[in-house]
Every structure is written in structure tokens, then in C-alpha cells.
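Enquirer:
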């Protein structure tokens, strides 16, 4: 989950001086900041970081769908980030088969700042299959950062939450540095990937781009996560060679740096029947998209 | 989660598996009870925008694009359907080609980790069984017949999705499950990340369930 865009001043606050010293850019991970274009949009809420689907903890008849966007919001600044009114967010659902989608839940936003109004559309059949979409019939509207009960029985929320994703981002970049958008100067700049799909962190392009503990320039042939017991080895049969794993402390990047990071979340809890009635299968396939009215 | 995977031994099963309401709080709709206590919706909806919105971002399975796909291909994958397949969606072929660099197919052993992972992870969509009554989500739960914690599938905010993925890609998860023979290519240094979820990130029991901001 690669973390995407955040303003440089905020990065200084959030990631701390060490990262800025080494990168000069904000950092990313997971599906956080997974393209240069998404990472550099003025409003980062088109950048989906994680998607969750789980049974309701409070009602066994309900299911919860959550979509996190706007990665790397610094501690204490969650309620200072808002949604982009030019974007449509969607949960897309296919019943039985893996394609195509036959049901969608959409979100759109009007207004600015803390007075933003969010509208949920659906669940319902999509107007179009594929990647160019229009809004279907609205279910109801609610205020930013206020959990709300809609008339159709859905519970909805759109606002800041702690990012639940846990990951050692910089250790990941130590062997897949190409995934760090800051190692690319544009969407088309191949950056370190010219060195190959693996081991491309700093062997080409941006030596020393990572914090010292993870600087592969000192040992480029030894990709590793951290936190292994002293003496742990990669393994004699490994195609990458047998070498010592790092026993540096592992870091939960999203919780342990800068006091933790936040995201903006869309959360909807609905009766499972809203996703099954009228369909022949209770087995569904789900993904999330962000669509732009400007096409970029 | 990986422990659950390691405990799973149904070889054939894994392969096979690959193949309310009203406007008033506290009422029942479609057999679902929504408790009272939340504010109700706005009295009117804003005017629905009439334009067409073009997809610029796509996400489902965590860490799949990030691990397998070259960074500059993400933009292409973000703008296609998750079931588009090659060549429209480069992710499908890159799952195999990237894995092949680390664990090339072994004719003698009959192993092809890249092809197996490609079959599991593509299309890039969560599988969810809404009829499951375990009350618990588990990433890859449908695909593994419940080996990751339940047959509901989907993804819980607490799921250790990174270690699940790393174990399958770089570790011995698939051989431990009996899906493929052990090819001896496991790399302990990158098959787990040794990170746990912080208490400040843990899901709560109250809607909206995701933890309050830091």
C-alpha cells in the first residue's frame, strides 16, 4: 500500500525530518500514492488507499463496506482534509461471476470544507458497465464527518479516520523502490525501474533515497524487511542468495511515525439483503473506483 | 493469518476454490434491525450531477499492484476494469512475470508459482460470501475455503494482508497448503514484515467502526 500525495509542508510535519532529508518528497505505500498523477493532485481524495468488506460488528444481518482515501493525513489534521467535488467514488459489485458489475454504490460530494454534503447513490444497477459512469438514483445525503442514518436503512459516514493499514513502508521500498512515486519525476518517467522490476530502490536513479537503516546502496543485493531475530537467514535455496535478514526494529509506518496518519473514509452499513435481493447469488465480487468529471 | 493458511491442508479444495429498513431509526427493514441513535439524512438531496465520470483509480486486493506491477503501469491498471485482462490490464501478466523472476517455473517439480498466483489474484476483486454466518471477514477466505479465518472473505481492517501476501509470494505458504511442491526458493527476509496493528488503528464496535483519527 504505497502512500501517495501529501503537501511537502505537511510531510515535513508528518514524516519527520529524516524522510524529507533523504527524499525531498512525500512518501507513499500500499495503494497509497500508487501513481504520480494521483500523488500530485491538488486534492488527494481520488487516491484510494484501502477497501474493506466485513460483517457488521453490531448486527449480523448487515454488511459494512469501507473505502479509505487521501493517504498520509498528519496527526491532528484529519478534519482539515475534505473530499474533491469533481470525483465520484464507487463500490462496484458483480454477483456470482467476477464480471461485469451489476450493482453499484456511489458517493458524490457538494460544497467545500466542513460544510460538505455527501450523497450516497444506490445500491442499484449501474447506468453503464465499464469505466465511464454516471450517477444513479440518490439514496440520501448527509454531512461531512457525521455518522448518519439514511431513510433506506443505510448507516453512512464520510470523514477522517485513523488509517488502519499496518505496514513497514520503508523496508518495502528497500527492495521495491520503484513503487515510491517520489523516485519518478512524472507519470512517464520510468525512474528506478530501468534497473529491473526488483532491486530497483536505489541502484539506479536515486541512491540514498531512503532512511539510512534501509539504504540499499550499502548492500544492494540484500532485500529484507526488519525485525528478524539475529542470525535469521534468507535461506540457502533462495534465488536471491543466502544472507542475513535485518534485525533492525520493524516500523508500523502509519502508526509510529509522526504520531500516526489518517485517511478520509467512506463507510456504509447496509442489510445484506440490499446486495442479495433480486440477484441469483449471494457470492459477490467487489472493487472500488474513483472517477473524475475532468477525466484526469 | 498466515498461521491459518499454514494449517490449511485441503490441497484439491484450494485449487477448486480458485477456479431495513425505514426512515426511522430503530425499525426493521428486510429483516435487518438498525439501532436508533444516529442523526437522520438531509431533508433534500443536492442536484445529481449529470456528467460522465471517467475512472482514474481502482483498488481491490491490497498490495497486489504494489508488489507485482511496475509503478508506471499502475496508471493503466487504474483506468481499466479489474477483469479486463491482458493486454488492456498489465497487472494480469505482471503477476506471473514478476513472480517468475524470484521463483521460476520448475519443470522437474511441476511448480509454477507465478501461474498459480495469477489464477488466485486475478481478476483483482474481493470475493465475498454473504451467506456465511461466521460474523468474521478474512482476506482470501473464499479462495482458501476459510483457511485465512472464515469463508466470508472480503477484508477486515485488522487482517494482516501484507504477511498473507508475502507468505504466498516469497514464503512457503503455498507449499505448506499442499497447493504446490516446495521449490526451495523461499526467502525468509521478505516473506514476513514483523509488523502488527497498533491499538490506535484497531476497529471499534460502534459505527463507523474505523478508529478515530490520530
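Protein chains in written order, with our numbering: chain A, 1257 to 1552; chain B, 615 to 828. Idealized CB from N, CA, C, for every residue including glycine. For clarity, every value in this text was computed on a predicted model and none was experimentally measured.
#1: Going by beta-carbon coordinates alone, are residue 1308 of chain A and residue 771 of chain B separated by less than 8 Å?
#2: Identify every residue that forms a DSSP beta bridge with residue 1525 of chain A.
#3: When the Cα atoms are used, what is the spatial distance from residue 631 of chain B to residue 757 of chain B?
#4: Would you mind stating whether residue 1364 of chain A and residue 1344 of chain A have Cβ atoms separated by less than 8 Å?
#5: Using the beta-carbon of each residue, which ones in chain A are nearer than 7 Å to residue 798 of chain B?
#6: Please determine if the region 750-766 of chain B and the region 697-710 of chain B are in contact, where contact requires at least 3 C-beta pairs separated by less than 8 Å.
#7: Distance cutoff 8 Å, beta carbons only. Does residue 757 of chain B sit that close to anything in chain A?
#8: If we count Cβ pairs, one from each stretch, closer than 8 Å, do we get three or more for the region 1405-1412 of chain A versus the region 790-801 of chain B?
#9: At a cut-off of 7 Å, would you count residue 1483 of chain A as near the ligand SAM, judging by its Cβ distance to the nearest heavy atom?
#10: Got a sec, what are the start and stop residues for the alpha helix (DSSP H) residue 705 of chain B sits in?
#11: What residue range does the alpha helix (DSSP H) around residue 1422 of chain A cover?
#12: State the CB to CB distance for the pair residue 1541 of chain A and residue 1350 of chain A, rounded to an integer number of angstroms; the pair is presumed to be in contact (CB under 8 Å).
#13: Quick one: is residue 1305 of chain A buried, meaning 16 or more other Cβ sit within 10 Å of its Cβ, or exposed?
#14: What is the rounded straight-line gap between the Cα of residue 790 of chain B and the Cα of residue 1523 of chain A?
#15: For residue 1394 of chain A, count the other beta carbons within 10 Å of its own beta carbon; 16 or more makes it buried, fewer makes it exposed. Which is it?
#16: Tell me, which residues are paired with residue 725 of chain B by DSSP?
#17: Which runs of the beta strand (DSSP E) at least 3 residues long sit entirely within the region 1321-1399 of chain A? Give them in chain order.
#18: Which residues of chain B have a Cβ atom closer than 7 Å to the Cβ of residue 1359 of chain A, listed in chain order?
#19: Closer than 6 Å by C-beta to residue 785 of chain B: which residues in its own chain qualify, once you throw out the five before and the five after it? Chain order, please.
#20: Along chain A, in chain order, which residues have C-beta atoms closer than 7 Å to that of residue 662 of chain B?
#21: What does residue 741 of chain B reach in chain A if we use C-beta pairs closer than 9 Å?
#22: Tell me which same chain residues have a C-beta within less than 8 Å of the C-beta of residue 1442 of chain A, skipping the five on either side of it?
#23: Residue 716 of chain B and residue 1547 of chain A - do their beta-carbons sit closer together than 8 Å?
#24: Name the DSSP bridge partner or partners of residue 769 of chain B?
#25: Can you find the residues in the same chain that come closer than 6 Å, C-beta to C-beta, to residue 1348 of chain A, ignoring five residues on each side of it along the sequence?
#26: Pair every Cβ in the region 670-684 of chain B with every Cβ in the region 701-712 of chain B, then say whether three or more of these pairs are closer than 8 Å.
#27: Can you give the Cα-Cα distance for residue 820 of chain B and residue 1313 of chain A, rounded to whole angstroms?
#28: List the residues of chain A whose Cβ lies closer than 7 Å to the Cβ of residue 671 of chain B, in chain order.
#29: Closer than 8 Å is the cut-off here; do at least three beta carbon pairs connect the region 722-731 of chain B with the region 1518-1538 of chain A?
#30: For residue 1492 of chain A, collect the residues of the same chain with a Cβ closer than 8 Å to its Cβ; drop the 5 residues on either side in sequence, then sort them by chain order.
Expert: In brief:
#1: On the first chain, residue 1308 of chain A is found 52 positions in, with the first residue counted as 1. On the second chain, residue 771 of chain B is found 157 positions in, with the first residue counted as 1. Taking 8 Å as the Cβ cut-off, residue 1308 of chain A and residue 771 of chain B qualify as a contacting pair.
#2: The sequence position of residue 1525 of chain A within the first chain is 269, counting from 1. Note: residue 1525 of chain A sits in a beta bridge opposite A:1320, A:1411.
#3: For the purposes of this step, residue 631 of chain B is taken as residue 17 along the second chain, with counting starting at 1. For the purposes of this step, residue 757 of chain B is taken as residue 143 along the second chain, with counting starting at 1. In this prediction, residue 631 of chain B has a pLDDT of 31, which is less than 50 and means its spatial position is unreliable; what the coordinates show is noted afterwards. Computed Cα separation, rounded: 5 Å.
#4: In the first chain, the residue the question calls residue 1364 of chain A occupies position 108. In the first chain, the residue the question calls residue 1344 of chain A occupies position 88. Less than 8 Å divides the Cβ of residue 1364 of chain A from the Cβ of residue 1344 of chain A.
#5: Looking up residue 798 of chain B in the second chain gives position 184. Counting only Cβ-Cβ distances below 7 Å, residue 798 of chain B has contacts in chain A at 1493, in chain order.
#6: Taking 8 Å as the limit for Cβ pairs, the verdict is that the region 697-710 of chain B does not touch the region 750-766 of chain B.
#7: Locating residue 757 of chain B in the second chain gives position 143, where the first residue counts as 1. Chain A contact via Cβ: absent.
#8: Cβ pair count under 8 Å is below three, so no.
#9: For the ligand SAM, the structure offers nothing, since it holds no ligand at all.
#10: For the purposes of this step, residue 705 of chain B is taken as residue 91 along the second chain, with counting starting at 1. Where residue 705 of chain B is concerned, the enclosing alpha helix (DSSP H) starts and stops at 704-716.
#11: Translated into the one-based positions of the first chain, residue 1422 of chain A becomes position 166. Element bounds for residue 1422 of chain A: n/a, residue is neither H nor E.
#12: The residue labelled residue 1541 of chain A in the question sits at position 285 within the first chain. The residue labelled residue 1350 of chain A in the question sits at position 94 within the first chain. The beta carbons of residue 1541 of chain A and residue 1350 of chain A sit about 5 Å from each other, so the pair counts as a contact at 8 Å.
#13: Taking the first chain and counting its residues from 1, one reaches residue 1305 of chain A at position 49. Around the C-beta of residue 1305 of chain A, 16 or more other C-beta atoms lie within 10 Å, and the residue is accordingly described as buried.
#14: The residue given as residue 790 of chain B occupies position 176 in the second chain. The residue given as residue 1523 of chain A occupies position 267 in the first chain. Using only the alpha carbons, I get a separation of about 36 Å.
#15: As a position in the first chain, residue 1394 of chain A is number 138, starting the count at 1. By the neighbour-count criterion, in which 16 or more other beta carbons inside 10 Å mark a residue as buried, residue 1394 of chain A falls on the buried side.
#16: As a first step, residue 725 of chain B must be located in the second chain, where it is residue number 111. In the DSSP secondary-structure assignment, residue 725 of chain B is bridged to B:720.
#17: Fully enclosed beta strand (DSSP E) runs of no fewer than 3 residues occupy 1343-1351, 1359-1366, 1373-1380, 1394-1399 of the region 1321-1399 of chain A, in order along the chain.
#18: Within the first chain, residue 1359 of chain A is the residue found at index 103, counting from 1. Simply none; closest approach about 12 Å.
#19: Taking the second chain and counting its residues from 1, one reaches residue 785 of chain B at position 171. Cβ neighbours of residue 785 of chain B beyond the five flanking positions: 800, 805.
#20: Start at 1 with the first residue of the second chain, and residue 662 of chain B comes out as number 48. Chain A residues near residue 662 of chain B: 1391, 1394.
#21: Your numbering for residue 741 of chain B matches position 127 in the second chain. Neighbours of residue 741 of chain B on chain A, chain order: 1354, 1539, 1540, 1541, 1542.
#22: Position 186 of the first chain, counting from 1, holds the residue named residue 1442 of chain A. Correct list, in chain order: 1292.
#23: Taking the first residue of the first chain as position 1, residue 1547 of chain A is located at position 291. Taking the first residue of the second chain as position 1, residue 716 of chain B is located at position 102. Not closer than 8 Å, so no.
#24: By 1-based counting over the second chain, the position of residue 769 of chain B is 155. Answer by DSSP bridge pairing, in chain order: A:1309.
#25: Locating residue 1348 of chain A in the first chain gives position 92, where the first residue counts as 1. Cβ contact annotation for residue 1348 of chain A (same chain, cutoff 6 Å, sequence separation greater than five): 1357, 1360, 1543, in chain order.
#26: Look at the beta carbons and you see the region 670-684 of chain B touching the region 701-712 of chain B: at least three pairs across the two are nearer than 8 Å.
#27: By one-based count along the second chain, residue 820 of chain B stands at place 206. By one-based count along the first chain, residue 1313 of chain A stands at place 57. C-alpha separation (whole angstroms): 8 Å.
#28: Counting from one through the second chain, the residue named residue 671 of chain B turns up at place 57. Taking a Cβ-Cβ threshold of 7 Å, the residues of chain A close to residue 671 of chain B are 1294, 1302, 1303, 1304, 1545, 1546, in chain order.
#29: These segments do not touch.
#30: Taking the first chain and counting its residues from 1, one reaches residue 1492 of chain A at position 236. Within the same chain, residue 1492 of chain A has close Cβ partners 1498.
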